[in-house]
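Peer 1: I'd like to ask you about the structure that follows.
2 protein chains.
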Amino acid sequence: MKHTKAILLQNESGALTRVASMFSTRGYNIDSLSVAPTDNPSISRLTLVTEGSDEVIGQITKQLYKLIDVIDVLNISQHDHIERELMMIKLKANDDKEDNIKTVLYDYSATIVNDKDRLLIIEVMANPLKNDNLLEALSAMSTLVAVARTGPLALAKGDLKINL
Amino acid sequence: MKHTKAILLQNESGALTRVASMFSTRGYNIDSLSVAPTDNPSISRLTLVTEGSDEVIGQITKQLYKLIDVIDVLNISQHDHIERELMMIKLKANDDKEDNIKTVLYDYSATIVNDKDRLLIIEVMANPLKNDNLLEALSAMSTLVAVARTGPLALAKGDLKINL
Numbered sequence: 001m002k003h004t005k006a007i008l009l010q011n012e013s014g015a016l017t018r019v020a021s022m023f024s025t026r027g028y029n030i031d032s033l034s035v036a037p038t039d040n041p042s043i044s045r046l047t048l049v050t051e052g053s054d055e056v057i058g059q060i061t062k063q064l065y066k067l068i069d070v071i072d073v074l075n076i077s078q079h080d081h082i083e084r085e086l087m088m089i090k091l092k093a094n095d096d097k098e099d100n101i102k103t104v105l106y107d108y109s110a111t112i113v114n115d116k117d118r119l120l121i122i123e124v125m126a127n128p129l130k131n132d133n134l135l136e137a138l139s140a141m142s143t144l145v146a147v148a149r150t151g152p153l154a155l156a157k158g159d160l161k162i163n164l
Numbered sequence: 165m166k167h168t169k170a171i172l173l174q175n176e177s178g179a180l181t182r183v184a185s186m187f188s189t190r191g192y193n194i195d196s197l198s199v200a201p202t203d204n205p206s207i208s209r210l211t212l213v214t215e216g217s218d219e220v221i222g223q224i225t226k227q228l229y230k231l232i233d234v235i236d237v238l239n240i241s242q243h244d245h246i247e248r249e250l251m252m253i254k255l256k257a258n259d260d261k262e263d264n265i266k267t268v269l270y271d272y273s274a275t276i277v278n279d280k281d282r283l284l285i286i287e288v289m290a291n292p293l294k295n296d297n298l299l300e301a302l303s304a305m306s307t308l309v310a311v312a313r314t315g316p317l318a319l320a321k322g323d324l325k326i327n328l
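As they're listed, the protein sequences go chains W and E. Oh and the first sequence: position 154 is 154 in my numbering, straight run, nothing missing. Oh and the second sequence: position 123 is 287 in my numbering, straight run, nothing missing.
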């Protein structure tokens, strides 16, 4: 099962390496990862998606807390939460398919933000499953030139007595 | 100067660790980073922001190409491009400030997606500088409980003869 984890960590050189390395040396997978400073430039928030049983997820949390830069860890998937992913796509429409593409984009609240050399750049913010479906729909009527995704960001709803 | 780099890499265990480690062992900084699979599940696209002179940026590119998992590297900042960042914020409005907050959100095309325990969750997709400004405006009229950002995704406009 997929789990989304949020991690607050000191914005120190090597902090990301230590987190990523803990996953790879122990054989835990990282599906996607985003990290950027919070409103406090000395603290970054990292969101990652990993797969595993509840036991494995518990082990990962324990290992994360052992890392010197890690301040807090939250398994967001265990809470009522909001998840959003940004996706950008560059594609070339198949012949006569531009109208079909626009219909699909409308249905997914996606937007064409550039059109140069007959290559469209599309942006969309949605939950990751919806982005998967959009990508599949578009691949049937175009050639995908580039696909960039952030993986999900996630925030737990309401007051958790923890800033995550 | 800040540079946004896009990297295509084999979706192999340890690939992210090797990229992050190259940066930290050589003293190059990573401001933000996002990585997720493309439409081809065996290939991930990583977008990162780093700082340095043109010479340093050139060195980073050379070092990246030496890594076994790296397929292609593009310094997107050197091309005409589109940059977007997803940001999610959980905040508690200061007394009597909820209307002011809504005015600011309207100006920035940001949306309230949840309201539980008097904590608002906000989502917005914009260029990173605009997100910085929004965050500053909101911090003046609320207590920020959680801030999650993806850092920018970036796509170069038009045909580059490279899938980035």
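Glycine residues also receive a C-beta, built at the ideal position from the N, C-alpha and C atoms.
When you compare each of W:Asn-163, W:Leu-164, W:Thr-4 to Glu-83 of chain W by their alpha carbons, which one comes out closest?
Peer 2: The residue with the shortest Cα to Cα distance from Glu-83 of chain W is W:Thr-4.
Peer 1: Using a C-beta to C-beta distance shorter than 7 angstroms, which residues of chain E count as neighbours of Leu-144 of chain W?
Peer 2: Result: Asp-203.
Peer 1: Does the Cβ-Cβ distance between Thr-150 of chain W and Ala-200 of chain E come in under 8 angstroms?
Peer 2: Yes, Cβ-Cβ distance for Thr-150 of chain W and Ala-200 of chain E is below 8 angstroms.
Peer 1: Under three-state DSSP, which class holds Asp-236 of chain E?
Peer 2: Strand, per DSSP.
Peer 1: To the nearest angstrom, how far is it from the Cα of Ser-196 of chain E to the Cα of Met-289 of chain E?
Peer 2: Roughly 16 angstroms between the two C-alpha positions.
Peer 1: Tell me, please, whether the region 221-228 of chain E touches the region 91-110 of chain W by the rule of three or more beta-carbon pairs shorter than 8 angstroms.
Peer 2: Output reads no: the region 91-110 of chain W does not touch the region 221-228 of chain E.
Peer 1: What is the DSSP secondary structure of Met-186 of chain E, reduced to helix, strand or coil?
Peer 2: Helix, per DSSP.
Peer 1: Do you know how far the Cα of Leu-135 of chain W is from the Cα of Asp-203 of chain E?
Peer 2: Asp-203 of chain E and Leu-135 of chain W: Cα-Cα distance of roughly 7 angstroms.
Peer 1: Could you give the first and the last residue of the continuous alpha helix (DSSP H) run that contains Gln-63 of chain W?
Peer 2: Taken as a continuous stretch (DSSP letters only), the alpha helix (DSSP H) holding Gln-63 of chain W covers 54-66.
Peer 1: With Val-183 of chain E and Leu-231 of chain E assumed to form a contact (beta carbons below 8 angstroms), what rounded beta-carbon distance in angstroms separates them?
Peer 2: Contact flag correct, Cβ pair sits at about 6 angstroms.
Peer 1: Report the option in E:Gln-174, E:Asn-193, E:Thr-211, E:Glu-215 whose CA atom is closest to the CA atom of Met-165 of chain E.
Peer 2: When only C-alpha atoms are compared, the closest one is E:Glu-215.
Peer 1: Between Leu-180 of chain E and the rest of its own chain, which residues show a CB-CB distance below 7 angstroms, the 5 nearest in sequence each way excluded?
Peer 2: Cβ neighbours of Leu-180 of chain E beyond the five flanking positions: Val-199.
Peer 1: If I follow the unbroken beta strand (DSSP E) through Asn-278 of chain E, where does it start and stop?
Peer 2: Asn-278 of chain E -> beta strand (DSSP E) spans 275-280.
Peer 1: Using the beta-carbon of each residue, which ones in chain W are nearer than 7 angstroms to Asn-327 of chain E?
Peer 2: Val-145, Ala-146, listed in chain order.
Peer 1: Flag Ile-71 of chain W as yes if its beta-carbon sits less than 8 angstroms from any beta-carbon of chain B, otherwise no.
Peer 2: In the structure shown, chain B cannot be found, because the protein chains are W and E.
Peer 1: What residues in its chain sit with their C-beta under 7 angstroms from that of Leu-155 of chain W, if we drop five residues either side in the sequence?
Peer 2: Excluding residues within five positions, the ones whose Cβ falls inside 7 angstroms are His-81, Ile-82.
Peer 1: Can you tell me the Cβ-Cβ gap for Gly-178 of chain E and Lys-116 of chain W, rounded? I've got them flagged as a contact below 8 angstroms.
Peer 2: The pair is not a contact, with the Cβ atoms about 37 angstroms apart (cut-off 8 angstroms).
Peer 1: By how many angstroms is the C-alpha of Tyr-192 of chain E removed from the C-alpha of Ile-43 of chain W?
Peer 2: Between Ile-43 of chain W and Tyr-192 of chain E, the C-alpha separation is close to 18 angstroms.
Peer 1: For a cutoff of 8 angstroms on Cβ pairs, would you count Arg-84 of chain W as touching chain E?
Peer 2: So yes, Arg-84 of chain W belongs to the interface.
Peer 1: Taking all protein chains shown into account, decide if Thr-47 of chain W is buried (16 or more other Cβ within 10 angstroms of its Cβ) or exposed.
Peer 2: Answer is buried; the Cβ neighbour count reaches 16.
Peer 1: With 7 angstroms as the C-beta to C-beta threshold (strictly closer), list the residues of the region 265-289 of chain E near chain W in chain order.
Peer 2: The residues in question are Val-277, Asn-278, Lys-280, Asp-281, Leu-283, Ile-285, Glu-287, Met-289.
Peer 1: Pick from W:Thr-25, W:Ile-7, W:Glu-123, W:Val-147: whose alpha carbon is nearest that of Leu-64 of chain W?
Peer 2: Selected option, being the one with the closest Cα: W:Ile-7.
Peer 1: Give me, in chain order, the residues of the same chain whose beta-carbon lies closer than 6 angstroms to that of Pro-167 of chain W; leave out the 5 immediate sequence neighbours on both sides.
Peer 2: This structure gives no information on residue 167 of chain W, because the portion of chain W shown stretches from 1 to 164.
Peer 1: Take the Cβ of Glu-12 of chain W as the centre, count every other Cβ of all protein chains shown within 10 Å, and call the residue buried at 16 or more, exposed below.
Peer 2: Burial call: exposed.
Peer 1: With a threshold of 16 other CB atoms inside 10 Å of the CB of Ser-69 of chain W, please say whether the residue is buried or exposed.
Peer 2: Per the sequence shown, the amino acid found at residue 69 of chain W is Asp instead of Ser. Buried, by the Cβ-count rule.
Peer 1: Checking contacts by CB at 8 angstroms: is Ile-194 of chain E closer than that to chain W?
Peer 2: With 8 angstroms as the cut-off, Ile-194 of chain E counts as an interface residue toward chain W.
Peer 1: Who are the neighbours of Ser-217 of chain E on chain W, taking C-beta pairs under 8 angstroms?
Peer 2: Near Ser-217 of chain E there are no residues of chain W at all, since even the closest Cβ is about 18 angstroms away, more than 8 angstroms.
Peer 1: 8 angstroms is my cut-off, CB to CB: does Arg-313 of chain E come that close to chain W?
Peer 2: Yes, contact with chain W.
Peer 1: Residues in the same chain with beta-carbon distance under 6 angstroms from Met-22 of chain W, minus the five sequence neighbours each way, listed in chain order, please.
Peer 2: Excluding sequence neighbours, Met-22 of chain W sits near Gln-63.
Peer 1: Kindly indicate if chain E contains any beta-carbon less than 8 angstroms away from that of Ser-42 of chain W.
Peer 2: Closer than 8 angstroms: no.
Peer 1: Would you tell me roughly how many angstroms separate the C-alpha atoms of Ala-110 of chain W and Met-252 of chain E, rounded to the nearest one?
Peer 2: Whole-angstrom Cα-Cα distance: 18 angstroms.
Peer 1: Between Lys-254 of chain E and Ala-310 of chain E, is the Cβ-Cβ spacing less than 8 angstroms?
Peer 2: It is a contact, given that the beta carbons lie within the stated cut-off.
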